[in-house]
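These protein sequence lines are chains A and B, in that order. Residue numbers for the first sequence follow this note's numbering, so the first one is 9 and each next one is one higher. Residue numbers for the second sequence follow this note's numbering, so the first one is 9 and each next one is one higher. Cβ coordinates follow ideal geometry from the N, Cα and C atoms, glycine included. Take a look at the structure set out below.
There are 2 protein chains.
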Amino acid sequence: MAGVCTRVTRNLNMEKLRNGYLFPEIAMRELEHMKKYPTAKVISLGIGDTTEPIPDVVTSSMANHARRLSTVEGYRGYGAEQGNKALRKAIAETLYGDLPIKDTEIFVSDGSQCDISRLQLLLGSNVTIAVQDPTFPAYIDSSVIIGQTGDFQDETGKYQNIEYMPCRPQNNFFPDLTTTATTDVIFICSPNNPTGHAASRKQLEQLVEFARANGSIIIFDSAYAAYVTDDSPRSIFEIPGAREVAIEISSFSKFAGFTGVRLGWTVVPDELLFSNGFPVIKDFNRIVCTCFNGASSVAQAGGLACLSSDGLMAVQSVVDYYKENAKILGDTFTSLGLDVYGGINAPYAWVHFPGMKSWDVFTELLEKTHIITVPGCGFGPGGEEHIRVSAFGHRECILEASRRLKSLLS
Amino acid sequence: MAGVCTRVTRNLNMEKLRNGYLFPEIAMRELEHMKKYPTAKVISLGIGDTTEPIPDVVTSSMANHARRLSTVEGYRGYGAEQGNKALRKAIAETLYGDLPIKDTEIFVSDGSQCDISRLQLLLGSNVTIAVQDPTFPAYIDSSVIIGQTGDFQDETGKYQNIEYMPCRPQNNFFPDLTTTATTDVIFICSPNNPTGHAASRKQLEQLVEFARANGSIIIFDSAYAAYVTDDSPRSIFEIPGAREVAIEISSFSKFAGFTGVRLGWTVVPDELLFSNGFPVIKDFNRIVCTCFNGASSVAQAGGLACLSSDGLMAVQSVVDYYKENAKILGDTFTSLGLDVYGGINAPYAWVHFPGMKSWDVFTELLEKTHIITVPGCGFGPGGEEHIRVSAFGHRECILEASRRLKSLLS
Chain A
9 MAGVCTRVTR
19 NLNMEKLRNG
29 YLFPEIAMRE
39 LEHMKKYPTA
49 KVISLGIGDT
59 TEPIPDVVTS
69 SMANHARRLS
79 TVEGYRGYGA
89 EQGNKALRKA
99 IAETLYGDLP
109 IKDTEIFVSD
119 GSQCDISRLQ
129 LLLGSNVTIA
139 VQDPTFPAYI
149 DSSVIIGQTG
159 DFQDETGKYQ
169 NIEYMPCRPQ
179 NNFFPDLTTT
189 ATTDVIFICS
199 PNNPTGHAAS
209 RKQLEQLVEF
219 ARANGSIIIF
229 DSAYAAYVTD
239 DSPRSIFEIP
249 GAREVAIEIS
259 SFSKFAGFTG
269 VRLGWTVVPD
279 ELLFSNGFPV
289 IKDFNRIVCT
299 CFNGASSVAQ
309 AGGLACLSSD
319 GLMAVQSVVD
329 YYKENAKILG
339 DTFTSLGLDV
349 YGGINAPYAW
359 VHFPGMKSWD
369 VFTELLEKTH
379 IITVPGCGFG
389 PGGEEHIRVS
399 AFGHRECILE
409 ASRRLKSLLS
Chain B
9 MAGVCTRVTR
19 NLNMEKLRNG
29 YLFPEIAMRE
39 LEHMKKYPTA
49 KVISLGIGDT
59 TEPIPDVVTS
69 SMANHARRLS
79 TVEGYRGYGA
89 EQGNKALRKA
99 IAETLYGDLP
109 IKDTEIFVSD
119 GSQCDISRLQ
129 LLLGSNVTIA
139 VQDPTFPAYI
149 DSSVIIGQTG
159 DFQDETGKYQ
169 NIEYMPCRPQ
179 NNFFPDLTTT
189 ATTDVIFICS
199 PNNPTGHAAS
209 RKQLEQLVEF
219 ARANGSIIIF
229 DSAYAAYVTD
239 DSPRSIFEIP
249 GAREVAIEIS
259 SFSKFAGFTG
269 VRLGWTVVPD
279 ELLFSNGFPV
289 IKDFNRIVCT
299 CFNGASSVAQ
309 AGGLACLSSD
319 GLMAVQSVVD
329 YYKENAKILG
339 DTFTSLGLDV
349 YGGINAPYAW
359 VHFPGMKSWD
369 VFTELLEKTH
379 IITVPGCGFG
389 PGGEEHIRVS
399 AFGHRECILE
409 ASRRLKSLLS
């Protein structure tokens, strides 16, 4: 019976998506490399995946929660779709401190990537979006899937009907808002993936002012907030006036090594209103109740433990470990005479290879040092000439990578 | 700064959704009842939420997995978006046995309700759907959100552009396919929520034949398959020819008490093709990679333990406990002279009150016995005159409910 087609038309939005997706392509190239050099010890500074154990205080809490599910007193079925009250409260109080974020404005999720798509469901196909260029690919891909865009243009490397906001060294990695077209939604990631740049308070004040003037909604991705070292804002809600124009998505993934455990959250302030005055939070709540059913209760128990005073200290020490890695890598590339960005407020360094194609840099580094990086063009045309270097890794691998790079390029 | 609206238009699809959602409405009425009768011991046979502890063999496995995340050897970051290979293999081999389901056709999820929305993202706004009436609300609500429907009609209790397939006692709770309009997608839930009816092999053979003749895709929800007692199929893939026309969604929620742990799966066969020959599995894989990031690794460890031989026996004994509850409740209503459906192959009994409004039945039962049920009309206009009674509960509550019902109505 092979080859019988249904009469259901393939979704045109899915057809618009480019076939290749960055990380599978990198994985394929890594595989080919390992076939070619079967004895080489490949070091991955590629995909931003945490490598260090989760502190005991957090995993014990998950283990205890799991075991309690075998007891009559401890068993719980469905939790609230929006997350457990205690966790919502702890996020509001611990991570937002003096900011007026209410626990009811916090929606616990299974990670910010999932919430990006749920926000797109909420917004629908008739809104326009702006993204930083380079950018984390999920904002664009989810926009294509929900039907907000036109076709992909091979000549430009861009989808039609998306406003790409260049973020390059020459504009301090922040959009030039005087030349940015007005859109309904503006995605901003800070500290940024891939450039590692944390937007300054002044940059974010300008952004909020821009959104307020144009009636736009900012979707602010603060997944790397725990890596901020200087006084850059960790939340868009540190900026006065943001509550009427911003949503914040965030995650325990890079904050607490929860990439596999899956936990995140989204903040939707009560004051954020559609043009007809309807509160965005009400529609997001409906989306969460209909299209999601709450994060795993075990993951939530772990999240709560992260926010205890012991937990916070323990997870911060892992973050500091990765930040030291980032410094080692940044210093390495700097010592080779290259311009390096990021790495201070983020676990990513963004290295400039003037005049070179980023896939060529990727290939050359892999060939000569057996190190995997990410070609900047994978994050959009604005990423050309750069590679992203991830600081997630065991210290000995980072040091070995540093040695190989120095011996090769110096 | 209150009252400042953005200029972003509210998504028209979200506006189409009816405000009230069944279970919040029931929760509100329960609250009002408890204010009126503060000393009454309310028994809930309402929302279908598991109540019994998860077997030790399963929670130990989750606890061990969590603890291993604190070790250098045991730590894992991102897993495969599609789920861990071992779990996909175990689902294929243990739950599908001799059926030719490959592990690569199984996508592990955080629950079938979430996968319903991901399937709607995959399908897009240009497909038409058919649902059973009465039906689990998520199929319809997700269809409205993605934009497949017209407006809700108060006169009929239906959305425009959805085919409602009546499932009543007189048609043995299965759609009359001779009078069913052709649609792109047909949602079928068996064993059914809310009617408790498990479709027979013959009924499903007719359904597959109907889908093949019309080129439709069946989305088969088998979340209650573990409750099948007789020889009704537990999977649509037991029916020859289903691989070219069906997707199956399923869940550990009611099978293993994972309502709060969150774990499910979806089967997309390689042979299922869009009208242009493009494999549906490729687009679903893309959706899973872009809009989801895999189920919690802790939940997946628990799922794997459920499928060991000890695990299977242990979780089946909990299912049997709920089935005994269902029998007690079914017998109770039968002894009162009412027609009772379901309860044999499902944890729900569907009780007929001829000529009565289901909200009136709900109210009268609550007022006179302090028992919460679900009014059938909450599942669509085809649910009128019925209430759904959930068999999830501690035995002593079920027995007490039985006593109250018998003393009142007999």
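| Query | Result |
| --- | --- |
| With burial defined as no fewer than 16 other Cβ atoms inside 10 Å of the residue's Cβ, what is the status of R411/A: buried or exposed? | exposed |
| Of all the CB atoms in chain B, is at least one closer than 9 angstroms to the CB of T203/A? | no |
| The alpha helix (DSSP H) with M22/B in it runs from where to where? | L20 to K24 |
| Between the segment 289-311 of chain A and chain B, which residues of the former have a C-beta closer than 8 angstroms to a C-beta of the latter? | D291, R294, I295, C297, T298, C299, F300, N301, G302, A303, S304, S305, V306, A307 and G310 |
| Could you list the residues in the segment 235-263 of chain B with a C-beta less than 9 angstroms from some C-beta on chain A, going in chain order? | P248, G249, R251, E252, V253 and S261 |
| Looking only at its chain, what residues have a beta carbon closer than 8 angstroms to the beta carbon of Y329/A, apart from the 5 residues adjacent to it on each side? | E60 and R403 |
| Can you check whether the C-beta of P63/B is within less than 9 angstroms of a C-beta belonging to chain A? | yes |
| V16/A and S224/B: beta carbons closer than 9 angstroms? | yes |
| With respect to the alpha helix (DSSP H) encompassing R209/A, which residues constitute its N-terminal and C-terminal limits? | R209 to N222 |
| What is the DSSP secondary structure of L416/A, counted as helix, strand or coil? | helix |
| Contact criterion: CB-CB distance below 9 angstroms. Does Q121/B meet it with respect to chain A? | yes |
| Pop quiz: A307/A and V306/B are said to be a contact at Cβ under 8 angstroms. What is the actual Cβ separation, rounded to whole angstroms? | 7 angstroms |
| Is the segment 390-397 of chain B close to the segment 355-362 of chain B, with three or more CB pairs under 8 angstroms? | yes |
| Quick check on the burial criterion: 16 or more other C-beta atoms within 10 angstroms. Buried or exposed for Y167/A? | buried |
| Taking 9 angstroms as the threshold (beta carbon to beta carbon), is M22/B in contact with chain A? | yes |
| Can you find a CB in chain A that lies within less than 9 angstroms of the CB of R84/B? | yes |
| Taking only beta-carbon positions, decide if R75/B is within less than 9 angstroms of chain A. | yes |
| List, in chain order, every chain A residue whose beta-carbon is nearer than 8 angstroms to that of G338/B. | The contacting residues do not exist; G338/B stays about 22 angstroms from chain A at best. |
| In chain order, what residues of the same chain have a beta carbon less than 6 angstroms from the beta carbon of L407/A, not counting five sequence neighbours either side? | none |
| Of the choices D149/A, R242/A, P63/A and R220/A, whose alpha-carbon is the least far from that of G82/B? | P63/A |
| Under 9 angstroms, Cβ to Cβ, is there at least one residue of chain B near L129/A? | yes |
| May I ask you to list the residues that DSSP assigns as paired with F195/A? | I227/A |
| Pick out whichever of L337/B, L312/B, G285/B and A146/B has its Cα sitting closest to the Cα of N301/A. | A146/B |
| Taking 9 angstroms as the threshold (beta carbon to beta carbon), is D347/B in contact with chain A? | no |
| Distance check for T143/B and I196/A, CA to CA, integer angstroms please. | 40 angstroms |
| Just tell me which of S68/A, V276/A and G87/A has its CA closest to the CA of G319/A. | S68/A |
| Does any C-beta atom of chain B lie closer than 9 angstroms to the C-beta of G223/A? | yes |
| Assuming D149/B and T298/A make a contact with CB atoms under 8 angstroms, what is their CB distance in whole Å? | 5 angstroms |
| Taking C-beta to C-beta, are R126/A and S133/A nearer than 9 angstroms? | no |
| Measure the alpha-carbon distance for L281/A versus Q90/B and round it to whole angstroms. | 36 angstroms |
| When the distance is taken between beta carbons, is F292/B closer than 9 angstroms to V276/B? | yes |
| Give me the DSSP bridge partner(s) of G350/A. | A357/A |
| Any Cβ of chain A within less than 9 angstroms of the Cβ of S410/B? | no |
| For A71/B, would you say it is in contact with chain A, using Cβ-to-Cβ distances shorter than 9 angstroms as the test? | yes |
| Going along the chain, which residues of the segment 142-154 of chain B sit with their C-beta nearer than 7 angstroms to a C-beta in chain A? | A146, D149, S150 and I153 |
| Note down, in chain order, every chain A residue with its Cβ under 7 angstroms from the Cβ of N450/B. | The displayed coordinates of chain B run from 9 to 418. Any statement about residue 450/B would go beyond what the structure contains. |
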